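Q: Here the sequence shown is numbered in my numbering, starting from 168 and rising by one per residue. The beta carbon of each residue, even a glycine, is placed where N, CA and C say it ideally should be. Every value quoted in this text rests on a predicted model; they were computed, and no experiment measured them.
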Amino acid sequence: MATVEFRKVTKHFDEVSALSEFSLDIHDGEFMVFVGPSGSGKTTALRLVAGLEAITSGEILIGEREVNRVAPRDRDIAMVFQDYALYPQMTVEQNMAFGLKMRKTPKAEIARRVQETAATLGIEELLQRKPRALSGGQRQRAALGRAMVRQPEVFLMDEPLSNLDAKLRVQTRSEIKQLHKQVGNTTVYVTHDQVEAMTMGDRVAVMSEGVLAQVGDARSVYEEPANVFVAGFIGSPSMAFVTMNVTRADGTAILSRGEVRLETAARVLLPDEVIVGVRPEHARIWHEGADLVGPVNGTVEYVEMLGRETLIGVGLPGGARLVAQAAPDLLIDVGGSVAIGIEPGRMYLFDPATERSMGRL
Ligand code: ATP
Numbered sequence: 168m169a170t171v172e173f174r175k176v177t178k179h180f181d182e183v184s185a186l187s188e189f190s191l192d193i194h195d196g197e198f199m200v201f202v203g204p205s206g207s208g209k210t211t212a213l214r215l216v217a218g219l220e221a222i223t224s225g226e227i228l229i230g231e232r233e234v235n236r237v238a239p240r241d242r243d244i245a246m247v248f249q250d251y252a253l254y255p256q257m258t259v260e261q262n263m264a265f266g267l268k269m270r271k272t273p274k275a276e277i278a279r280r281v282q283e284t285a286a287t288l289g290i291e292e293l294l295q296r297k298p299r300a301l302s303g304g305q306r307q308r309a310a311l312g313r314a315m316v317r318q319p320e321v322f323l324m325d326e327p328l329s330n331l332d333a334k335l336r337v338q339t340r341s342e343i344k345q346l347h348k349q350v351g352n353t354t355v356y357v358t359h360d361q362v363e364a365m366t367m368g369d370r371v372a373v374m375s376e377g378v379l380a381q382v383g384d385a386r387s388v389y390e391e392p393a394n395v396f397v398a399g400f401i402g403s404p405s406m407a408f409v410t411m412n413v414t415r416a417d418g419t420a421i422l423s424r425g426e427v428r429l430e431t432a433a434r435v436l437l438p439d440e441v442i443v444g445v446r447p448e449h450a451r452i453w454h455e456g457a458d459l460v461g462p463v464n465g466t467v468e469y470v471e472m473l474g475r476e477t478l479i480g481v482g483l484p485g486g487a488r489l490v491a492q493a494a495p496d497l498l499i500d501v502g503g504s505v506a507i508g509i510e511p512g513r514m515y516l517f518d519p520a521t522e523r524s525m526g527r528l
């Protein structure tokens, strides 16, 4: 096992800056997920650890050894790709044995490790098949087996589940997590799927435009997003944002926008204007006596029945929109008026100038 450390790593492709001064410590045995939208630099960061791209500036350390100039094969890493990259002319067994053979591992040792790994993954009966005779899920397992058999210090996985259908993805996701618990290798896992990130990662590194937006466990990136980007990216359906004016009275902050006026205890010092973020699960239909901040009056723009709950898109005067969560049996018409209340302590505040978090009200 090993730590992986990025020290101010920058990577340019001609004019494109794929990664900028990226610093991150990945602990020994940790399952770290890189998540972010397309083009945010996740794959580039992974390929730099693998040695498949050269760093423009900065350093990468694996197990405290600087590896900037170490060839990929000498880095003690194994990578699992989205397209599996199995050799089509070889059987699963030959695919798994190939890397060890190239490293001149003794035959008996190779056979033992392939058998052991195949048993862990439950693919013993597939060993004599070629990749084209496997389903997507089986190929994915074979590719995982090929990486595991090498017993690398670090596993690097680039969207390994994206070619699987939704159900198989959920199943394989928990299998990979289970395997990680058993084997315990440091793992760096790239995905654009925030649910995958939240459910798999010991910690999640949220990336945006080549920059680390926030790193933390699933709970902290969800509950305490560091900025507007993380707040909007993590959580489904997304947090809604409304820019509001702030006035203060005795011990009270009044947030207003047009006809919307919210009065709350002033627990944090605020500038004259803030971005207010509200997650759907914290916005509910208002009723007198409810322990909610509000009411916020708006118009029902859409209703989504999801079975377990109903989501209501609420248009506010002036153009902003909130999404509120309601009970599945709620009957409400599109175009009608609705009053929403927000759970106390669940209005996320951001500085409009920097988009950084200013806490919650
Ligand atoms: P995706 O989820 O779409 O794979 P990503 O977050 O993994 O995205 P990267 O593939 O790391 O993003 O790309 C980051 C940026 O670097 C993008 O703007 C991309 O176009 C650019 N880039 C990546 N590889 C190259 C390359 N070989 N040559 C030129 N530009 C590249």
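1) Would the C-beta of H454 count as close to ligand 1, meaning under 8 angstroms from any of its heavy atoms?
2) Going by DSSP in three states, D529 sits in which element: helix, strand or coil?
3) Quick check on the DSSP output: the alpha helix (DSSP H) that includes K209 runs from which residue to which?
4) Would you check if there are 3 or more beta carbon pairs closer than 8 angstroms linking the segment 175-190 to the segment 338-347?
5) With a CB to CB cut of under 6 angstroms and the five nearest residues on each side skipped, what residues in its chain are close to R280?
6) Go through the residues and name those whose CB comes closer than 5 angstroms to any heavy atom of ligand 1, in chain order.
7) Tell me whether P495 sits in a helix, a strand or coil according to DSSP, three-state version.
8) Going by DSSP in three states, M525 sits in which element: helix, strand or coil?
9) Taking three-plus beta-carbon pairs below 8 angstroms as touching, is the segment 371-383 in contact with the segment 394-413?
10) Around the Cβ of P273, are there at least 16 other Cβ atoms within 10 angstroms (buried) or fewer (exposed)?
11) Please check the pair F265 and Y254, which I expect to be a contact at CB under 8 angstroms, by giving their CB distance rounded to whole angstroms.
12) Enumerated in chain order, which unbroken segments of the alpha helix (DSSP H) with a length of 4 residues or greater are wholly contained in the segment 290-343?
13) Following the continuous alpha helix (DSSP H) through Q282, name the residue where it begins and the one where it ends.
14) Count the other C-beta atoms from every protein chain shown that fall within 10 angstroms of the C-beta of V382, then say buried if there are 16 or more, exposed otherwise.
15) Taking 9 angstroms as the cut-off, decide whether the C-beta atoms of L328 and T354 are in contact.
16) In angstroms with no decimal places, state the Cα-to-Cα distance between A506 and F396.
17) Have a look at M246, L489, E342, A450 and flag the residue whose alpha-carbon is nearest the alpha-carbon of Y469.
18) Are V171 and V216 touching if we call contact CB-CB under 9 angstroms?
19) For V378, which residues in the same chain have their Cβ closer than 6 angstroms to its Cβ, ignoring the five residues on either side in sequence?
20) Hey, A185 and G208: beta-carbon distance below 9 angstroms or not?
21) Using only the alpha-carbon positions, how far apart do G485 and G312 sit?
22) Taking the alpha helix (DSSP H) that F400 falls in, what are its first and last residues?
23) Compute the distance between the beta-carbons of A457 and I479, then report whether it is under 9 angstroms.
24) Cα separation between G536 and V467?
25) For a test of the three-state rule: what should DSSP assign to Q256, helix, strand or coil?
26) To which residues of the same chain is E391 closer than 8 angstroms at the C-beta, ignoring the five residues directly before and after it?
27) Here's a check: name, in chain order, each residue in its chain whose Cβ is nearer than 8 angstroms to the Cβ of V441, leaving out the five neighbours to either side.
28) At what residue ranges does the segment 344-386 contain a whole run of the alpha helix (DSSP H), taking only runs of 4 or more?
29) Which residue marks the beginning of the beta strand (DSSP E) containing V481, and which one marks its end?
30) State the Cα-Cα distance for the pair D522 and D243, rounded to the nearest angstrom.
A: Considering the structure as presented:
1) As a first step, residue 454 must be located in the sequence shown, where it is residue number 287. No, since every heavy atom of ligand 1 falls outside the 8 angstroms radius drawn around the Cβ of H454.
2) In this structure the chain extends from 168 to 528, so residue 529 is not present and cannot be described.
3) Walking along the sequence shown from the start, residue 209 turns up at place 42. From DSSP, the alpha helix (DSSP H) with K209 extends over 209-217.
4) With a cut-off of 8 angstroms on Cβ pairs, the segment 175-190 is not in contact with the segment 338-347, counting fewer than three such pairs.
5) If you number the sequence shown from 1, residue 280 lands on position 113. Same-chain partners within the cutoff: V316.
6) F180, V183, A185, S205, G206, S207, G208, K209, T210, T211, H359
7) As a position in the sequence shown, residue 495 is number 328, starting the count at 1. It is coil, neither helix nor strand.
8) Translated into positions along the sequence shown, residue 525 becomes position 358. Of the three classes helix, strand and coil, the one that applies to M525 here is strand, per DSSP.
9) yes
10) Taking the first residue of the sequence shown as 1, we reach residue 273 at position 106. It is exposed - the Cβ of P273 has fewer than 16 other Cβ atoms within 10 Å.
11) For this step, residue 265 is matched to residue 98 along the sequence shown. For this step, residue 254 is matched to residue 87 along the sequence shown. Yes, they are in contact, since the Cβ atoms of F265 and Y254 sit about 7 angstroms apart, within 8 angstroms.
12) 303-315
13) The residue labelled residue 282 in the question sits at position 115 within the sequence shown. Run containing Q282: 274-288, per the alpha helix (DSSP H) assignment.
14) Locating residue 382 in the sequence shown gives position 215, counting from the first residue. With 16 or more other Cβ atoms within 10 Å, it is buried.
15) Position 161 of the sequence shown holds residue 328. Position 187 of the sequence shown holds residue 354. In this structure, T354 does not lie closer than 9 angstroms to L328 by Cβ.
16) Counting from 1 along the sequence shown, the entry for residue 506 is found at position 339. Counting from 1 along the sequence shown, the entry for residue 396 is found at position 229. Going from the Cα of A506 to the Cα of F396 covers about 28 angstroms.
17) Here residue 469 corresponds to residue number 302 of the sequence shown, with the count starting at 1. Ranking M246, L489, E342, A450 by Cα distance to Y469 puts L489 first.
18) Translated into positions along the sequence shown, residue 171 becomes position 4. Translated into positions along the sequence shown, residue 216 becomes position 49. Judged by beta-carbon spacing, V216 lies within the 9 angstroms limit of V171, meaning their Cβ atoms are closer than that value.
19) Taking the first residue of the sequence shown as position 1, residue 378 is located at position 211. Cβ contact annotation for V378 (same chain, cutoff 6 angstroms, sequence separation greater than five): S187, in chain order.
20) Sequence index remark: in the sequence shown, residue 185 carries index 18 (1-based). Sequence index remark: in the sequence shown, residue 208 carries index 41 (1-based). Yes. Within cutoff.
21) Position 318 of the sequence shown holds residue 485. Position 145 of the sequence shown holds residue 312. Roughly 56 angstroms between the two C-alpha positions.
22) Here residue 400 corresponds to residue number 233 of the sequence shown, with the count starting at 1. Taken as a continuous stretch (DSSP letters only), the alpha helix (DSSP H) holding F400 covers 395-400.
23) Within the sequence shown, numbered from 1, the residue matching residue 457 stands at position 290. Within the sequence shown, numbered from 1, the residue matching residue 479 stands at position 312. Not closer than 9 angstroms, so no.
24) Given a span of 168 to 528 for the chain in the structure shown, any question on residue 536 remains unanswerable.
25) Sequence index remark: in the sequence shown, residue 256 carries index 89 (1-based). Q256 falls in the coil class under three-state DSSP.
26) Residue 391 sits at position 224 when you count from the first residue of the sequence shown. The answer, listed in chain order, is G383, S524.
27) Against the sequence shown, residue 441 aligns to sequence position 274. Closer than 8 angstroms at Cβ, skipping near neighbours: T410, M411, V413, L422, L516, F517, D518, P519, M525.
28) If we require 4 residues or more, the alpha helix (DSSP H) runs fully inside the segment 344-386 come out as 361-367.
29) Along the sequence shown, read from residue 1 onward, the residue named residue 481 stands at position 314. Run containing V481: 477-482, per the beta strand (DSSP E) assignment.
30) Numbered from 1 along the sequence shown, position 355 holds the residue referred to as residue 522. Numbered from 1 along the sequence shown, position 76 holds the residue referred to as residue 243. According to the sequence shown, residue 522 is Glu rather than Asp. Rounded to whole angstroms, E522 to D243 spans 40 angstroms at the Cα level.
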